[in-house]
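Counting along the sequence shown from 1, when you hit position 12 you're at 31 in this note's numbering, and nothing is skipped either side. Quick notes on the structure that follows.
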Amino acid sequence: MPVSWLLASLALGGALWALPEARGFRPFSFAILSDLHVGEGAEDFGSVGYDDRPAPSLPAHPAIRNARAAVDKVNALAASRGVAFVIVLGDLTDSAERSEFAGAKLILDGLAVPYVPILGNHDIWPATKAGVAPAPEGPRYFAEVFGPRLQGLAAAFPDLVRAGSERGLQNWAFSLRGIGFVLADWNSRGRADGGPDPAADLHDGEGGTFPWLEALLRDGWMTSKTRAFLAQHHPLRMKVPFTSPHFAFSPRERARIKDLLDRLGAASGSAAVLSGHEHRDFAGPAFPDRPGLAQIETAAAKDGPAVTVIAMDSPTSYSLSRH
Ligand SMILES: [Fe+2]
Numbered sequence: 020m021p022v023s024w025l026l027a028s029l030a031l032g033g034a035l036w037a038l039p040e041a042r043g044f045r046p047f048s049f050a051i052l053s054d055l056h057v058g059e060g061a062e063d064f065g066s067v068g069y070d071d072r073p074a075p076s077l078p079a080h081p082a083i084r085n086a087r088a089a090v091d092k093v094n095a096l097a098a099s100r101g102v103a104f105v106i107v108l109g110d111l112t113d114s115a116e117r118s119e120f121a122g123a124k125l126i127l128d129g130l131a132v133p134y135v136p137i138l139g140n141h142d143i144w145p146a147t148k149a150g151v152a153p154a155p156e157g158p159r160y161f162a163e164v165f166g167p168r169l170q171g172l173a174a175a176f177p178d179l180v181r182a183g184s185e186r187g188l189q190n191w192a193f194s195l196r197g198i199g200f201v202l203a204d205w206n207s208r209g210r211a212d213g214g215p216d217p218a219a220d221l222h223d224g225e226g227g228t229f230p231w232l233e234a235l236l237r238d239g240w241m242t243s244k245t246r247a248f249l250a251q252h253h254p255l256r257m258k259v260p261f262t263s264p265h266f267a268f269s270p271r272e273r274a275r276i277k278d279l280l281d282r283l284g285a286a287s288g289s290a291a292v293l294s295g296h297e298h299r300d301f302a303g304p305a306f307p308d309r310p311g312l313a314q315i316e317t318a319a320a321k322d323g324p325a326v327t328v329i330a331m332d333s334p335t336s337y338s339l340s341r342h
């Protein structure tokens with residue numbers, strides 16, 4: 020039985036109904052998947068090494084079985100509830116092997132609607148039983164495996180923009196019916212011996228993620244949107260706050276994003292953050308003193324075929340259901 024939770028933009032909703040884009044708004048839904056971790060259950064997935072080719076067929080690991088079940092569930096929802104597209108919130112792979120990205124694509128290509136994948140912290144540094152790669156090659160594998168599909172999304176989303184690729188970042192933005200979707204790559208490229216670095220990073224230099232988001236505001240991209248969703252692997256509010264500097268953002272980084280989201284909300288009507296990483300379903304304020312700024316987390320598809328659906332009922336309000 021899906022659990023529904025209705026959020027309405029109380030502050031601006033009335034005024035926005037008078038705007039031209041609010042009249043004749045056609046409702047739509049989109050789905051969220053997260054944390055597939057393709058390769059979990061294999062120390063060295065695909066063929067030997069991390070810069071490798073996919074196995075001839077995907078093994079029946081629980082993570083793969085559950086991810087496939089999640090895809091089937093989304094396809095059923097697309098038929099019954101008109102899901103228009105899917106955002107996949109990172110940790111596509113368990114250890115960033117090229118074959119794991121190929122496996123994730125094979126599974127996600129089973130979706131009957133367009134999908135937009137982003138990177139998670141597990142997708143950065145390849146590792147096998149032979150050890151960790153000497154460089155963070157995962158984003159390059161992601162670009163090679165998913166790049167053509169992402170570029171092809173321009174047919175579905177004509178205002179699709181990409182930023183940060185020259186730095187190996189995967190930052191994307193697009194809109195549908197006046198709703199903005201900003202997909203931010205905050206994943207640290209720092210080396211973590213023995214496993215993926217769970218930390219986040221603002222990538223605050225030239226061509227980085229934070230300046231790109233600021234530029235979206237400055238250049239007015241968001242001002243034509245009635246609501247903005249910021250999709251990212253890491254949550255802002257953590258289940259266990261004192262561990263968060265090691266597993267996501269530092270307090271200073273969080274404060275800077277909060278300020279940015281305040282401006283994003285001001286520019287676009289209102290904003291919400293979509294994230295994974297903690298492998299749980301959660302919906303609540305992203306910051307204790309910003310009750311109107313929601314953080315919506317989706318559990319790991321690898322652990323059970325978790326699917327979140329967000330139905331845009333109006334330009335400023337949505338209902339959330341878990342499946
Ligand atoms: Fe994960």
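No residue lacks a Cβ here, since even glycine has one placed at the ideal position from N, Cα and C.
Asked, Found
"Which of helix, strand or coil DSSP assigns to Y160", "helix"
"Span separating the alpha-carbon of L202 from that of L172", "14 Å"
"Cβ distance (whole Å) where A82 is taken to contact G60 below 8 Å", "6 Å"
"Cβ-heavy atom distance, D110 to ligand 1, below 6 Å", "yes"
"Proximal residues to A97 (C-beta, below 6 Å), its chain only, five neighbours per side dropped", "A131 and V132"
"Whole-angstrom C-beta distance between A318 and A89, which should lie under 8 Å", "About 10 Å; that fails the 8 Å criterion."
"CB-CB length for D178 against L188, believed under 8 Å", "Not really, about 19 Å apart at Cβ, beyond 8 Å."
"Cβ pair A286, M257 closer than 7 Å", "no"
"Coarse secondary structure for P136, derived from DSSP in three states", "strand"
"Cβ neighbour criterion (16 or more within 10 Å) applied to E297", "buried"
"Member of D238, A234, K148 and I276 whose CA lies at the smallest distance from the CA of Q251", "I276"
"Distance cut-off 6 Å: D54 Cβ against heavy atoms of ligand 1", "yes"
"Simplified DSSP state of Q345, which is helix, strand or coil", "Limits of the chain in this structure are 20 at one end and 342 at the other, which puts residue 345 out of reach."
"Host alpha helix (DSSP H) of F120 (start-end)", "R117 to L127"
"Same chain, Cβ closer than 7 Å to G101, neighbours up to 5 away in sequence not counted", "F47 and S48"
"Pick from R208, D223, G224 and E225 that is closest to P217, judged by C-alpha positions", "R208"
"Identity of the residue in E62, A103 and Q170 nearest K148 by Cα", "E62"
"Classification of A247 by the beta-carbon crowding that lies within 10 angstroms, buried from 16 upward", "buried"
"Contacts around F266, its chain only, beta-carbon distance under 6 Å, and the 5 residues preceding and following it disregarded", "P217"
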